[in-house]
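In my numbering, the protein residues as written are 12 to 439.
Built from N, CA and C at the ideal position, the CB exists for glycine as well.
Being a predicted model, the structure only gives us computed values, none of them experimental.
Data first, discussion second: the structure below is written as C-alpha cells.
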Ligand code: AMP
Ligand code: GLY
C-alpha cells in the first residue's frame, strides 16, 4: 500500500519512519516534507494549505491511506475534501477538528460532557473583557479563541499584562481572526502532561503519556514555544491514571461529539494540568503532538499504519498496543531567534548523509538542502530522540548526540528529562 503523509515537521518525520517500517506499506509519499523526510519518503512540493492541490495529488498517486499531521489543514477541512474524494484519511473532519480550532467550542463540549477544565468567561470586545479583568484574581490566562500556533495563550500576572494581552487580541489584532474572540480563564496550578489517544469515533485506545517542555529556556523560563523537548513514559502518570483520564476526559468528549452528529477519527490529544483537585483539561489538540510524537512513536512496537487504518475505518475495537520498555528522551535543537523569529540557511554540521546521528533517532523539522548540505529552514530544526533502559542513560545518549551537532545560533534546553532522571537516582 502507498501512504501519503501531509506536513513538514518532526512529527511528520516520525510518522513517515513508522510508515516505512510497516509491513503493509510499499511506498511512502510526503507533501511537502523536508530534507530529512526526503531520505525515507518521496517528497512533493504541494503545500499542506493547498487543499485542491492535495486532493489532485491523491487522485494521481492513489494512496491507501492519507495521514494529516498538522492542525491548520484539519481545521480548514482537508480531511473532509480527501475523504469526499474517496480516500481513507487518518485525521478528523473539520467539525471534529474544531475542538482545537475553537477554544470556545472545546469549552462548550466539555461543559456539556461534564469534563473538568479551568473556569472561564468569553468576550468578543475589548471593553467588556477589560472590565472583567478589574474584578479578577490574578494570575489569569488570556486565550485567543482560534489557532495561533501556540502563541495565543498569555498568563498574565497583573492587570497591566492582561490589558496588554487583550489589546494585542482586539486592537492590534496580532492573532488576526483567531484573537477577535477571547477566553479569560482561571489559572490552574500543578504539573502538566499530555495524554493522546487513538479514536475511531467509538473506540478509544490511549497512547503512553508524554511530558512536553513548552518554554524556551531551562527551568521553564522565557516565552512559550511549540515544545523544546519531551520524554515518555511519565512516571507521575502511571497506566491507572491514564485510564482514569480516558474515562474522565476522552470518552465523554467523544460521546458528546457523537451526540452532536460529529465523529472523531484520529488522535485526540488532551493537554492536562494535574491539579490538587485532580486532572483538568488545558486544551485539546486533534492530531499528534510535536514533539510528543518524536518521544512516543520510537517506543511503539505495534504497526502504526494498521492502527491508523483502523481509526480511519471505524474498526479500532479489539486492537491493542505494545510498547518497548525503554524510556525515550527527545531534545529539540532550534534556530537563532526562536520562538520570536527563526533563522534560515545556516549550515548544519555533524549529521550523516541520511541526516541522522549514530545511536539515536533524528527527526527533521525546519531543514532544507543547499549545495548538498543540510541547512536550517525554520524555528525548530531537529528533534533528537534516544531510547535506553533508564531516563539517565537515555538523556546521556540524547545530549551526547546533540553535542555532535552544530549550526550558528543553535539553541536547546539542557534540562529535558532531568527530573525523572533525578528521581530514578533517588529511588535506587
Ligand atoms: P494551550 O495552548 O491552551 O495548551 O496553552 C499553552 C500553555 O499555556 C499550556 O501548555 C499551559 O502551560 C498554559 N496554560 C493554558 N491554560 C492554562 C490555565 N488555565 N492555567 C494555567 N496554565 C495554562
Ligand atoms: N507540543 C504541543 C503541541 O503539539 O501542540
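Please report how far the alpha carbon of residue i lies from the alpha carbon of residue j, in whole angstroms.
i	j	result
residue 399	residue 244	12 Å
residue 145	residue 298	37 Å
residue 306	residue 138	43 Å
residue 81	residue 16	10 Å
residue 312	residue 143	50 Å
residue 60	residue 102	15 Å
residue 83	residue 187	14 Å
residue 434	residue 38	43 Å
residue 409	residue 271	45 Å
residue 32	residue 85	25 Å
residue 317	residue 35	8 Å
residue 185	residue 160	12 Å
residue 338	residue 377	26 Å
residue 332	residue 254	14 Å
residue 152	residue 349	23 Å
residue 372	residue 181	43 Å
residue 242	residue 432	11 Å
residue 95	residue 18	20 Å
residue 162	residue 424	19 Å
residue 118	residue 263	13 Å
residue 55	residue 43	5 Å
residue 430	residue 74	43 Å
Tell me which same chain residues have a C-beta within less than 8 Å of the C-beta of residue i, skipping the five on either side of it?
i	result
residue 416	344, 359, 360, 361, 362, 368, 393, 395
residue 205	220, 221, 222, 223, 280, 281, 282, 283, 300, 303
residue 351	234
residue 388	45, 46, 355, 356, 377, 378, 379
Among the candidates the options, whose CA atom is the shortest distance from the CA of residue i?
i	options	result
residue 221	89, 247, 200	247
residue 295	261, 303, 324	261
residue 375	391, 322, 12	391
residue 116	273, 136, 242, 377	273
residue 370	413, 430, 389	413
residue 155	172, 126, 194	194
residue 357	379, 365, 257, 323	379
residue 281	269, 288, 271, 258	258
residue 66	411, 13, 98	98
residue 100	436, 419, 325	325
residue 21	41, 347, 94	41
residue 28	334, 320, 79, 315	315
residue 69	180, 93, 372	93
residue 277	55, 78, 44	78
residue 292	157, 203, 226, 95	203
residue 72	338, 13, 192	13
residue 366	231, 227, 45	45
residue 231	75, 437, 290, 428	428
residue 256	126, 422, 430	126
residue 189	158, 183, 170, 227	158
residue 422	397, 227, 411, 130	227
For residue i, which residues from the same chain have a beta carbon less than 6 Å from its beta carbon, with the 5 sequence-adjacent residues on both sides left out?
i	result
residue 443	Outside the modelled stretch of the chain, which goes from 12 to 439, sits residue 443, for which no answer is possible.
residue 267	120, 123, 124
residue 24	47, 48, 374, 375
residue 64	57
residue 91	104, 105
residue 133	115, 194
residue 419	357
residue 347	354, 420
residue 328	214
residue 172	none
residue 88	105
residue 164	154
residue 397	340, 371, 405, 408, 409
residue 30	14, 36, 39, 316
residue 207	218, 278, 280
residue 170	144
residue 53	40
residue 308	25, 29
With a cut-off of 8 Å on the beta carbons, I'd call residue i and residue j a contact; round off their distance for me.
i	j	result
residue 212	residue 286	Actually they are not in contact, since the Cβ atoms of residue 212 and residue 286 sit about 30 Å apart, beyond 8 Å.
residue 26	residue 304	7 Å
residue 341	residue 240	6 Å
residue 174	residue 141	6 Å
residue 135	residue 177	No, residue 135 and residue 177 are not in contact; Cβ-Cβ is about 12 Å, not under 8 Å.
residue 76	residue 323	7 Å
residue 196	residue 131	4 Å
Can you list, in chain order, the residues of its chain with a C-beta nearer than 7 Å to that of residue i? Leave out the 5 residues immediately preceding and following it.
i	result
residue 275	103, 107, 210, 212, 265, 268
residue 150	166, 167, 168, 198
residue 334	219, 310, 311, 312
residue 225	235, 236, 238
residue 330	216, 318, 321
residue 289	127
>> Does the structure place the region 36 to 53 close enough to the region 98 to 112 that three or more beta carbon pairs sit under 8 Å?
In response: no
>> Does the region 250 to 259 come into contact with the region 209 to 219, if we say contact requires no fewer than three beta-carbon pairs (one atom in each stretch) closer than 8 Å?
In response: yes
> Are the region 378 to 385 and the region 400 to 411 in contact at 8 Å, needing three or more beta carbon pairs?
Replying inline: no
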